[in-house]
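Here the structure comes first, spelled out in structure tokens, and everything after it is commentary.
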Amino acid sequence: MISITQRLSALVGETFAAEGLDAALGAVRVSDRPDLAPFQCNGALAAAKAAKMNPRQLAEGLKARLDALDAFDDVTLAGPGFLNLTPTQTFVEGLLAELVSDSHGGAYLRTDPEKVILDYGGPNVAKPLHVGHLRSAIIGQSLKNIMRRAGDEVVGDIHLGDWGLQMGQLIAEIRRRQPDLPYFDEAKTDGFPEDSPVSVTDLAEIYPAASGACKEDPERMAEAQQATAELQGGRPGYRALWQHFIDVSHAALETDYGELGVQFELWRGEASVDPLIQATVERLEAKGLLVESDGARVVEVARDTDKKDIPPLLMVKSNGSVGYGSTDLATLVERADEGFARCIYVVDKRQAEHFVQVFRTAARLGLYEEDHMEHAGFGTMNGKDGRPFKTREGGVLRLADLIDMVVGKAEERLRENDRDGDEVPADRQDVARMVGLAALKFADLSNPRTTDYIFDLDRFVAFEGKTGPYLLYASVRMRSVFAKAGTTIEEAAKGTIQLTEPAEIDLASVMLGYADAHKAAYERRMPHLLCEHAYAVAQAFSKFYAACPIANEDNITVRSSRLALSAATFRQLADILAQLGIAVPDHM
RNA sequence: GCACCCAUAGCUCAGCUGGAUAGAGCGCUGCCCUCCGAAGGCAGAGGUCUGAGGUUCGAAUCCUCAUGGGUGCGCCA
10 MISITQRLSA LVGETFAAEG LDAALGAVRV SDRPDLAPFQ CNGALAAAKA
60 AKMNPRQLAE GLKARLDALD AFDDVTLAGP GFLNLTPTQT FVEGLLAELV
110 SDSHGGAYLR TDPEKVILDY GGPNVAKPLH VGHLRSAIIG QSLKNIMRRA
160 GDEVVGDIHL GDWGLQMGQL IAEIRRRQPD LPYFDEAKTD GFPEDSPVSV
210 TDLAEIYPAA SGACKEDPER MAEAQQATAE LQGGRPGYRA LWQHFIDVSH
260 AALETDYGEL GVQFELWRGE ASVDPLIQAT VERLEAKGLL VESDGARVVE
310 VARDTDKKDI PPLLMVKSNG SVGYGSTDLA TLVERADEGF ARCIYVVDKR
360 QAEHFVQVFR TAARLGLYEE DHMEHAGFGT MNGKDGRPFK TREGGVLRLA
410 DLIDMVVGKA EERLRENDRD GDEVPADRQD VARMVGLAAL KFADLSNPRT
460 TDYIFDLDRF VAFEGKTGPY LLYASVRMRS VFAKAGTTIE EAAKGTIQLT
510 EPAEIDLASV MLGYADAHKA AYERRMPHLL CEHAYAVAQA FSKFYAACPI
560 ANEDNITVRS SRLALSAATF RQLADILAQL GIAVPDHM
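Following the working numbering from start to finish, the first sequence increments by one per residue and tops out at 597.
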């Protein structure tokens with residue numbers, strides 16, 4: 010629906026136009042000075058500059074026109090030309106009535122939805138999820154929800170890292186350890202065992218060992234590179250062994266992501282596009298884009314206008330194997346063929362240059378316009394010391410362990426809050442899980458996507474203030490109010506809302522900003538903007554709750570109005586929390 | 001070496017295309033449960049927005065320089 014600021018902007022824009030000014034300058038926003046008025050328009054200053062007029066005088070003219078409208082209780086002129094706007098209670102009530110009856114719950118809905126594919130996984134097979142995987146999973150899932158709510162058709166692809174050097178490292182390492190396995194018999198081409206010779210636990214141990222060995226020993230590295238090239242070349246034993254890696258990892262990853270409430274519609278990987286690589290190389294060749302360079306084949310993507318050197322995209326390595334530039338490009342070929350209008354990558358921002366290379370190459374191939382491929386990068390995650398996060402023991406913190414810590418903390422808190430005589434709720438474990446995950450997700454999502462991430466355990470397990478549990482608490486109190494009133498949300502929502510108390514008007518005004526927040530979060534791919542709004546709503550409700558009796562109100566009309574306001578609040582908050590991937594318990 | 005990003009309250013961070021008295025959470029001080037859930041509400045203290053210039057009627061925001069951090073720069077992904 011149209012938000013209150015959009016509605017006001019339209020009104021003020023018309024007066025700007027009537028004065029012969031640019032209507033766009035009539036943009037109204039929530040005031041920086043709520044003590045003066047709830048809304049403001051600073052456009053007169055810019056308009057005066059453009060028209061070379063006196064801003065104060067120009068604003069006087071605008072004020073006179075605005076005064077004539079019945080939407081405003083008060084229009085004041087302040088400073089050099091600020092317009093402070095106080096809409097009438099009737100105006101706000103009218104919009105709130107629209108919000109309540111809006112079939113889309115007041116959320117933003119785009120008119121021309123797109124078919125989008127979102128990449129927000131990228132875990133390597135063989136490596137258990139650790140805290141570093143949290144951001145892409147949480148942000149990606151949330152963006153998917155936000156975009157779907159705005160009308161887009163969005164598909165999430167986990168895009169496993171299953172085709173690069175790490176695969177060769179694993180194969181080479183296992184070959185050293187168990188050379189007698191049938192996978193290493195070059196003469197053997199089929200009939201390999203169905204059961205995997207390694208478990209995920211094995212892989213979790215083998216991977217770092219292999220990776221470390223390659224780092225130290227050039228000979229081991231050469232072995233791994235050779236194995237990678239042979240795997241990609243189709244050596245049957247290697248393929249069979251590799252398939253085991255994928256299978257055992259898939260099962261483990263599905264569980265881990267499931268714990269977080271993160272789902273993928275597509276479980277593809279870099280290897281999925283292997284069959285397309287050759288054709289892609291040929292397409293590049295046909296366009297004359299491939300260049301020989303140091304034994305490798307690359308695509309030049311640098312431009313004169315670049316401020317920095319953009320190295321060419323490495324398409325085929327000198328030993329014939331392919332890197333992630335090639336697979337990512339081939340993936341775009343596949344996605345374009347499948348009819349996706351837009352591709353978004355939720356990947357660590359340090360890979361920005363890589364995406365520039367791939368996107369430019371894809372654009373030259375005519376796969377996509379450049380602005381239809383986005384790298385929604387996120388900040389790198391460091392410890393409190395500003396360096397990559399490590400546990401006290403110096404290892405990586407597994408995501409599953411982090412979740413256990415947060416849930417454990419939530420359970421502790423639930424225990425403390427037990428009132429005397431209360432039975433221990435049978436669903437305490439479930440509630441603790443919801444509270445813990447809410448804390449974890451909100452702590453992550455409420456940071457702007459692009460800024461660096463300081464991993465702070467204390468913040469993740471905090472339940473007071475601007476946290477996930479605060480939002481749940483507000484929701485739970487609303488539910489509690491309906492129970493106390495002996496009604497349901499559906500029934501309560503039918504009441505007519507009349508705003509009288511300041512806390513009621515404030516709450517309504519905040520809620521009327523939903524479409525703005527959702528739209529901004531959508532357009533900028535920034536879930537934290539939606540978090541801000543959710544917090545503002547919960548906060549406005551808490552004030553309203555403290556200031557006004559709801560179920561306890563004697564006046565039946567007022568009571569019904571407040572219950573209806575609470576129902577509208579509950580629905581909006583629930584709608585937002587769903588987009589953030591946060592589940593709301595019945596009690597806590 | 002070259003390039004990009006960042007520097008805001010004791011701590012962690014917001015601050016949209018330049019606009020009024022720079023916000024929030026935590027922490028700190030003081031109040032509020034005979035009244036719908038105190039994981040809450042109210043009030044308060046706390047800032048030369050790293051420094052120096054510049055553009056502008058107006059700069060945390062734009063430009064230049066300096067200092068201090070971070071990151072990237074073809075055969076890892």
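Glycine is no exception: its CB is placed at the ideal position from the N, C-alpha and C atoms.
### Query
Alpha carbon to alpha carbon, how far is ALA261 from PHE469?
24 Å
### Message
Give me, in chain order, the residues of the same chain whose beta-carbon lies closer than 8 Å to that of GLN272; leave out the 5 immediate sequence neighbours on both sides.
### Response
GLN150, GLY165, TYR266
### Task
Only counting runs of 3 or more residues, tell me where the beta strand (DSSP E) segments fall wholly within the segment 244 to 327, in order along the chain.
299 to 302, 305 to 308, 322 to 325
#### Entry: Expected contact under 8 Å - CB spacing of LEU521 and ILE13 to nearest Å
4 Å
### Query
Taking DSSP as the reference, what is the three-state secondary structure of VAL164?
strand
### Task
Indicate the three-state DSSP secondary structure (helix, strand or coil) for ALA26 in the structure shown.
helix
### Task
Quick one: residues in its chain with C-beta nearer than 6 Å to the C-beta of ARG306, no 5 flanking neighbours on either side, listed in chain order?
LEU299, MET324, VAL325
#### Entry: Distance between beta carbons of ALA512 and PHE553, contact taken as under 8 Å
4 Å
### Query
Can you tell which of GLN366, ALA339, PHE254, VAL163 has its C-alpha closest to the C-alpha of SER205?
PHE254
### Message
What does the Cβ neighbour count give for GLY35, buried or exposed, with the cut at 16 atoms within 10 Å?
### Response
buried
### Message
Just to confirm before moving on: does the CB-CB distance between ASP515 and ALA549 stay below 8 Å?
### Response
yes
### Message
Counting C-beta neighbours from all protein chains within 10 Å, is the total for ALA494 16 or more, i.e. buried, or is it exposed?
### Response
buried
### Straight-line gap, GLU268 to LEU174 (C-alpha atoms, nearest Å)
29 Å
### Query
Do TRP89 and LEU54 have their CB atoms nearer than 8 Å?
For the record, residue 89 in the displayed sequence is Pro; it is not Trp. Closer than 8 Å, so yes.
### Query
Which class does VAL602 belong to by DSSP, given the choice of helix, strand or coil?
With the chain covering only 10 through 597, there is no way to say anything about residue 602.
### Query
So, is GLU228 buried or exposed, given that buried needs 16 or more other C-beta atoms within 10 angstroms?
exposed
#### Entry: Continuous alpha helix (DSSP H) stretch holding ASP439: start and end
437 to 454
### Query
By Cβ distance, which residues of its chain are closer than 6 Å to ALA181, with the 5 residues on each side in sequence left out?
GLU232, ALA233, ALA236
### Message
For PRO478, count the other beta carbons within 10 Å of its own beta carbon; 16 or more makes it buried, fewer makes it exposed. Which is it?
### Response
buried
### Query
Mapping DSSP to helix, strand and coil, what is HIS384?
strand
### Query
Shortest alpha-carbon distance to ALA59 belongs to which of PHE491, LEU71, ASP31, ALA576?
ASP31
#### Entry: Reference ALA573; option with closest CA among ASP41, ALA106, GLU473, PRO47
ALA106
### Query
Quick one: is ILE565 buried, meaning 16 or more other Cβ sit within 10 Å of its Cβ, or exposed?
exposed
### Query
DSSP on ASP31, reduced to helix/strand/coil?
coil
### Message
Please report the distance separating the alpha-carbon of PHE193 from that of TRP251.
### Response
12 Å
### Query
Going by DSSP, which residues form a beta bridge with TYR354?
ASP128, HIS384
### Message
Less than 8 Å between the beta carbons of PHE359 and CYS352, yes or no?
### Response
In the sequence as presented, Phe is not what sits at residue 359; that position holds Arg. No, the pair does not count as a contact, with Cβ atoms beyond the cut-off.
### Task
Tell whether a beta-carbon distance below 8 Å holds between SER489 and LYS475.
no
### Query
What does ASN133 pair with, by DSSP beta-bridge criteria?
GLY170
### Query
Who does PRO96 pair with in a DSSP beta bridge?
PHE81
### Query
On the three-state DSSP scale, how would you describe HIS139?
strand
### Query
Three or more C-beta pairs closer than 8 Å, one from the segment 119 to 131 and one from the segment 61 to 75: is that the case here?
no
### Message
Can you tell me whether ASN391 is helix, strand or coil according to DSSP?
### Response
strand
### Query
Would GLU421 be called buried (16 or more neighbouring beta carbons within 10 Å of its own) or exposed?
exposed
### Query
For LYS317, does the count of other Cβ atoms within 10 angstroms reach 16, so buried, or fall short, so exposed?
exposed
### Query
Three or more beta-carbon pairs under 8 Å between the segment 101 to 116 and the segment 581 to 589, yes or no?
yes
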